[in-house]
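Worksheet for the structure shown next.
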Amino acid sequence: MLIYIFLLIIQASGERTRSTYIIHVDKYAMPKVYATHENWYSSILDSLKEAATPSDGFQSTPRLIYTYDHALHGFSAVLSPQELENSRESPGFVSAYCDRAVTLDTTRTFEFVKLNPISGLWPASDFGEDIIVGVIDTGVWPQSASFKDHGMTIIPGRWKGRCEEGQDFNTSMCNRKLIGARYFNKDVMAANPAGFKIGMKSARDTAGHGTHTSSTVAGQYVDGVSYFGYAKGIAGGAAPQARVAMYKVLWGDESRYASDVLAGMDQAVADAVDVISISMGFDYVPLYEDPIAIASFAEGCASFGFIRESRPSSWVVTQWDPMGLDYRSRYYRSFIRRKFNSRKWVDHQRMDHVSWKCFGPRLTSCVLQDFVCLQFIGTVV
Numbered sequence: 005m006l007i008y009i010f011l012l013i014i015q016a017s018g019e020r021t022r023s024t025y026i027i028h029v030d031k032y033a034m035p036k037v038y039a040t041h042e043n044w045y046s047s048i049l050d051s052l053k054e055a056a057t058p059s060d061g062f063q064s065t066p067r068l069i070y071t072y073d074h075a076l077h078g079f080s081a082v083l084s085p086q087e088l089e090n091s092r093e094s095p096g097f098v099s100a101y102c103d104r105a106v107t108l109d110t111t112r113t114f115e116f117v118k119l120n121p122i123s124g125l126w127p128a129s130d131f132g133e134d135i136i137v138g139v140i141d142t143g144v145w146p147q148s149a150s151f152k153d154h155g156m157t158i159i160p161g162r163w164k165g166r167c168e169e170g171q172d173f174n175t176s177m178c179n180r181k182l183i184g185a186r187y188f189n190k191d192v193m194a195a196n197p198a199g200f201k202i203g204m205k206s207a208r209d210t211a212g213h214g215t216h217t218s219s220t221v222a223g224q225y226v227d228g229v230s231y232f233g234y235a236k237g238i239a240g241g242a243a244p245q246a247r248v249a250m251y252k253v254l255w256g257d258e259s260r261y262a263s264d265v266l267a268g269m270d271q272a273v274a275d276a277v278d279v280i281s282i283s284m285g286f287d288y289v290p291l292y293e294d295p296i297a298i299a300s301f302a303e304g305c306a307s308f309g310f311i312r313e314s315r316p317s318s319w320v321v322t323q324w325d326p327m328g329l330d331y332r333s334r335y336y337r338s339f340i341r342r343k344f345n346s347r348k349w350v351d352h353q354r355m356d357h358v359s360w361k362c363f364g365p366r367l368t369s370c371v372l373q374d375f376v377c378l379q380f381i382g383t384v385v
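Using this note's numbering, read the sequence shown as starting at 5 and increasing by one per residue.
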């Protein structure tokens, strides 16, 4: 009897919990009475609010989080399971699924796609001159040497984005290289209790991943770079002449929501970026419920994703997006083909695992011999 009562309590509690859902809508089904899609989506939420009663046991009401109009069409909202079912009766409803957390990734692609700095597509493209790359990630560290604008021409007139001010980030930190920076955190705020505060409420990167990926794809040439004294030379991204627009959508290990990611992708398309670079994904999610895969259908913008092999097995692919162009990572089956002062060749998986954790403003270093991270003062590029 006690077990039965306990289960009833759990069930009742679950029924009173609202979650964020992503809802795809046929934009052409909008009734003519509405001036904008946002007005239409708000009306759908209003009808759900009217249907809610105090006897439902909810202390909150359905609320709209984001509307999407460019990379995809629809909205995200905080709903109960029953309200989600009711929304399926709305005109133009296509599909819906619960919001989910994303997984960060990183890779190296130059060798895989056989880029040659002397001949071929790479130099023929003028190394990405005036291409606008929208990076969806953890933000950017604007003081990095990779984002200096020396030698850059005026910003292309087609650019529609902006540099958004925030904590420790002002518009003067953008330039002709880093031409845009915005941040999206509405879903993070909705998913956490009242009083929850986000660290670094701006496009500034405190994790390091976004600074790493954006400089990899479009970082300026930087002199005097080395791997802790080894392999000294010049570092540069795949497209050093390209522009960077950062869309910060991730807010820590427990605050990575698809709804915020989609908001960043949607804004990037609206801002007229030429390419979206996104190094994250969803494990074991079917393509028809993968927000990034669906948004990659956006017109007028190429999306770059990745193939990721699951850990610990190197033979299982956990992320593959056929809608975008793919980065391939080989964490377990490839090696860095370079010797450091006659040391043994270094396993790429181990170096990658350590090195990306050592990026960011909280400068750390890794001892090459035993891969132990220590505090370090240096320059992030």
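By construction, the Cβ of each residue, glycine as well, lies at the ideal position given by its N, Cα and C atoms.
Secondary structure of residue i, DSSP reduced to three states
i, result
"Phe151", "helix"
"Tyr231", "strand"
"Val265", "helix"
"His28", "strand"
"Thr322", "Only weak support exists for where Thr322 lies, its pLDDT of 41 falling under 50; the value from the coordinates is given anyway. Here Thr322 sits in strand by DSSP."
"Ile69", "strand"
"Phe131", "helix"
"Val144", "strand"
"Thr368", "Note that Thr368 scores a pLDDT of 37, beneath 50, so its modelled location is shaky and nothing firm can be said."
"Thr21", "coil"
"Val221", "helix"
"Val226", "strand"
"Ala242", "coil"
"Ala33", "helix"
"Ala185", "strand"
"Ser346", "Note that Ser346 scores 32 on pLDDT, short of 50, meaning its location in the model is unreliable and no value can be drawn from it."
Cβ distance (whole Å) where residue i is taken to contact residue j below 8 Å
i, j, result
"Asn196", "Asp264", "With a Cβ gap of about 12 Å, Asn196 and Asp264 do not count as contacting."
"Thr215", "Ser148", "6 Å"
"Leu266", "Tyr72", "6 Å"
"Gly170", "Ala207", "6 Å"
"Ser80", "Asp191", "7 Å"
"Gly223", "Lys236", "So it is not a contact: roughly 17 Å between Cβ atoms."
"Tyr251", "Gly268", "4 Å"
"Arg22", "Leu76", "No, Arg22 and Leu76 are not in contact; Cβ-Cβ is about 23 Å, not under 8 Å."
"Glu87", "Pro66", "5 Å"
"Ile140", "Ile298", "Ile140 to Ile298, Cβ: 14 Å. No contact."
"Ala272", "Ala249", "7 Å"
"Ala100", "Ile48", "That belief does not hold up - the Cβ atoms of Ala100 and Ile48 are roughly 12 Å apart, past 8 Å."
"Asp209", "Thr157", "With 8 Å as the limit, Asp209 and Thr157 do not qualify as a contact, their Cβ atoms being about 26 Å apart."
"Tyr45", "Leu68", "6 Å"
"Ser230", "Ser150", "In fact, because the Cβ distance is near 15 Å, the residues do not count as touching under 8 Å."
Range covered by the beta strand (DSSP E) that runs through residue i
i, result
"Lys252", "247-252"
"Leu49", "Run containing Leu49: none in the beta strand (DSSP E); it sits in the alpha helix (DSSP H), 41-55."
"Ile140", "136-141"
"Ser281", "279-282"
Residue i: first and last residue of the uninterrupted alpha helix (DSSP H) it sits in
i, result
"Ser259", "No alpha helix (DSSP H) holds Ser259; DSSP gives it neither H nor E."
"Ile159", "It is not in any alpha helix (DSSP H) - Ile159 carries neither H nor E in the DSSP assignment."
"Ala297", "295-299"
beta-carbon residue i near the ligand FMN non-hydrogen atom, thresh 7 Å
i, result
"Thr107", "For the structure depicted, the ligand FMN is absent and the ligand set is empty, with no information on it obtainable."
Identify every run of the alpha helix (DSSP H) within the region 187-216, keeping only runs that are complete inside it and at least 4 residues long; order them along the chain.
-> 190-195
Stretch-stretch touch, CB-based, cutoff 8 Å, three pairs: the region 264-278 with the region 160-167 = yes
Please confirm if the region 119-134 is in contact with the region 239-246, defined as three or more CB-CB distances below 8 Å between the two stretches.
-> Three or more pairs of CB atoms, one per stretch, sit closer than 8 Å, so the region 119-134 contacts the region 239-246.
Where are the beta strand (DSSP E) runs, 3 residues long or more, that stay fully inside the region 75-122, in chain order?
-> 78-83, 97-102
Three CB pairs or more closer than 8 Å across the region 285-299 and the region 173-181 = Contact between the region 285-299 and the region 173-181 is absent, because fewer than three Cβ pairs lie under 8 Å.
On the three-pair Cβ rule with 8 Å, is the region 94-110 touching the region 129-136?
-> Verdict: no, contact absent.
Examine the Cβ distances between the region 94-105 and the region 29-39 and report whether three or more of them are shorter than 8 Å.
-> yes
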